[in-house]
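> Here it is, the structure in full.
Numbering (the working numbering), first residue to last: 1302 to 1649.
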């Protein structure tokens, strides 16, 4: 089911992060001058990223915006490296509250805002490159369904569809991770292979290793996004091994079965699959992502796979309807499905 899951998870994961703005005022009551910083945080508990403002005597970790309770949460450490014991703090969103130290007269007051609508599209920057099976390096924006790309130093995977290929208007906060052999730009919740493990890009820090290349600098930026969805869920992006999943689903998806009707159809009819995604699935997923993510979170574990089997079939039916305008595609579809059924029967 990985082909379907990947299509859904990367499309629906726009709610996995929020843009958090932290405004610190010099005076109690949140009046007068202030300083402000904005960055992406998770929309669920569990992030291990450590933040420490220059010159600060404290650090924070496990920052997340809770849309349900309209609160921002964080763990506060007395040192600069998120070590030792911590104090859990919560701030009501869009309201004046005491600062991190809780001493309004000493540190001023803060207003925390979480913008869930501007959460990232968990993907790569549009200027990211991939490597075709032929060895040619090309922009990810040039990839289409059916292309074969390197998904590791010596392995190949098929592109199911290239998400956001025709949606260049989509923009998202990005992290530019510069390392000894180059750089890569991607959203903070997109998954990279860092220090031997697949983790969110925000977990990389100066000194981390992407393969054998040491990270030298990480800077926030903003840009348009792209994401070629591969059958393995992995891809070599600007020379760096990365997943095509965001952090909240990567652990569940990596290593699972690649079989699904949708993936099979994209194998048989790559051009039609890309056109179908661009014309219909892209706008549908963009407009329904948040309700569908909540639905997945609410489903009992035992119902998640059956639910996505049903969605897979609906997507496949939509593809058939989309393809009815082409008699050649429809004939090939029938032949392909017959071949699949015959193959399954022969294994019994």
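Glycine is no exception: its CB is placed at the ideal position from the N, C-alpha and C atoms.
1) Just reading off the beta strand (DSSP E) that residue 1534 is part of, what are its end residues?
2) If you draw a straight line from the C-alpha of residue 1433 to the C-alpha of residue 1586, how long is it?
3) Between which residues of its own chain and residue 1496 is the CB-CB distance below 6 Å, once the five residues before and five after are set aside?
4) Residue 1531 and residue 1461: beta carbons closer than 9 Å?
5) Can you tell me where the beta strand (DSSP E) holding residue 1498 begins and where it ends?
6) So, helix, strand or coil for residue 1568, using DSSP?
7) Provide the residue(s) that pair with residue 1389 in DSSP beta bridges, ordered along the chain.
8) For residue 1543, which residues in the same chain have their Cβ closer than 8 Å to its Cβ, ignoring the five residues on either side in sequence?
9) When the distance is taken between beta carbons, is residue 1364 closer than 9 Å to residue 1352?
10) DSSP has residue 1247 in a bridge; who is on the other side?
11) Classify residue 1583 as helix, strand or coil using the three-state DSSP reduction.
12) Quick one: using the 10 Å Cβ neighbour count with 16 as the cut-off for buried, is residue 1607 buried or exposed?
13) Just verifying my parser: in three-state terms, what is the DSSP assignment at residue 1514?
14) With the cut-off set at 9 Å, would you say residue 1359 and residue 1412 are in Cβ contact?
15) For the alpha helix (DSSP H) containing residue 1610, name the first residue and the last one.
16) Given that a residue counts as buried once 16 or more other Cβ atoms are within 10 Å of its Cβ, and exposed if not, what is residue 1441?
17) What residues match up with residue 1507 in a beta bridge as DSSP calls it?
18) Does the beta-carbon of residue 1469 have 16 or more other beta-carbons within 10 angstroms, so that it is buried, or is it exposed?
19) Which residues bound the beta strand (DSSP E) around residue 1472?
20) In three-state terms, what does DSSP make of residue 1573?
21) Would residue 1322 pass as a contact of residue 1339 if the rule is Cβ separation under 9 Å?
22) Among residues of its own chain, excluding the 5 on either side of residue 1519, which ones have a beta-carbon nearer than 8 Å to its beta-carbon?
23) If you compare alpha carbons, which of 1389, 1427, 1335, 1390 is closest to residue 1529?
24) Could you give the first and the last residue of the continuous beta strand (DSSP E) run that contains residue 1448?
With the given structure in hand:
1) Translated into positions along the chain shown, residue 1534 becomes position 233. Looking at the DSSP string, residue 1534 is not in any beta strand (DSSP E), and its letter there is neither H nor E.
2) Reading the chain shown from its first residue, position 132 is the one you call residue 1433. Reading the chain shown from its first residue, position 285 is the one you call residue 1586. Approximately 27 Å, taken between the alpha carbons.
3) Locating residue 1496 in the chain shown gives position 195, where the first residue counts as 1. Hits under 6 Å: 1509, 1510.
4) Here residue 1531 is taken as the residue at index 230 of the chain shown, counted from 1. Here residue 1461 is taken as the residue at index 160 of the chain shown, counted from 1. Yes, they are a contact pair.
5) Here residue 1498 refers to the residue found at position 197 of the chain shown. Counting along the chain, the beta strand (DSSP E) containing residue 1498 begins and ends at 1498 to 1501.
6) Numbered from its first residue, the chain shown carries residue 1568 at position 267. Helix, per DSSP.
7) For the purposes of this step, residue 1389 is identified with residue 88 of the chain shown, where counting begins at 1. According to DSSP, which records beta bridges pairwise, residue 1389 is partnered with 1376.
8) Within the chain shown, numbered from 1, the residue matching residue 1543 stands at position 242. Result list for residue 1543: 1425, 1485, 1487, 1491, 1492, 1493, 1494, 1535, 1536, 1537, in chain order.
9) If you number the chain shown from 1, residue 1352 lands on position 51. If you number the chain shown from 1, residue 1364 lands on position 63. Result yes, Cβ atoms of residue 1352 and residue 1364 sit closer than 9 Å.
10) This structure cannot speak to residue 1247, because the chain is shown only from 1302 to 1649.
11) Sequence index remark: in the chain shown, residue 1583 carries index 282 (1-based). Helix, per DSSP.
12) Stepping through the chain shown from its first residue, residue 1607 is reached at position 306. Exposed.
13) Residue mapping note: residue 1514 aligns to position 213 of the chain shown, counting from 1. Here residue 1514 sits in strand by DSSP.
14) As a first step, residue 1359 is located in the chain shown; it is residue number 58 there, counting from the start. As a first step, residue 1412 is located in the chain shown; it is residue number 111 there, counting from the start. Contact flag unset, no.
15) Taking the chain shown and counting its residues from 1, one reaches residue 1610 at position 309. Residues 1602 to 1624.
16) Locating residue 1441 in the chain shown gives position 140, where the first residue counts as 1. So residue 1441 counts as buried.
17) Residue 1507 sits at position 206 when you count from the first residue of the chain shown. Paired residues: none, contrary to the question.
18) Against the chain shown, residue 1469 aligns to sequence position 168. Residue 1469 comes out exposed.
19) Walking along the chain shown from the start, residue 1472 turns up at place 171. Looking at the DSSP string, the run of the beta strand (DSSP E) that includes residue 1472 is 1472 to 1480.
20) Taking the first residue of the chain shown as 1, we reach residue 1573 at position 272. Reduced to three states, the DSSP call for residue 1573 is helix.
21) In the chain shown, counting from the first residue as 1, residue 1322 sits at position 21. In the chain shown, counting from the first residue as 1, residue 1339 sits at position 38. Yes, the pair counts as a contact, with Cβ atoms nearer than the cut-off.
22) Position 218 of the chain shown holds residue 1519. Cβ neighbours of residue 1519 beyond the five flanking positions: 1476, 1477, 1478, 1479, 1505, 1506, 1507.
23) Position 228 of the chain shown holds residue 1529. Closest by alpha carbon: 1427.
24) For the purposes of this step, residue 1448 is identified with residue 147 of the chain shown, where counting begins at 1. No beta strand (DSSP E) holds residue 1448; DSSP gives it neither H nor E.
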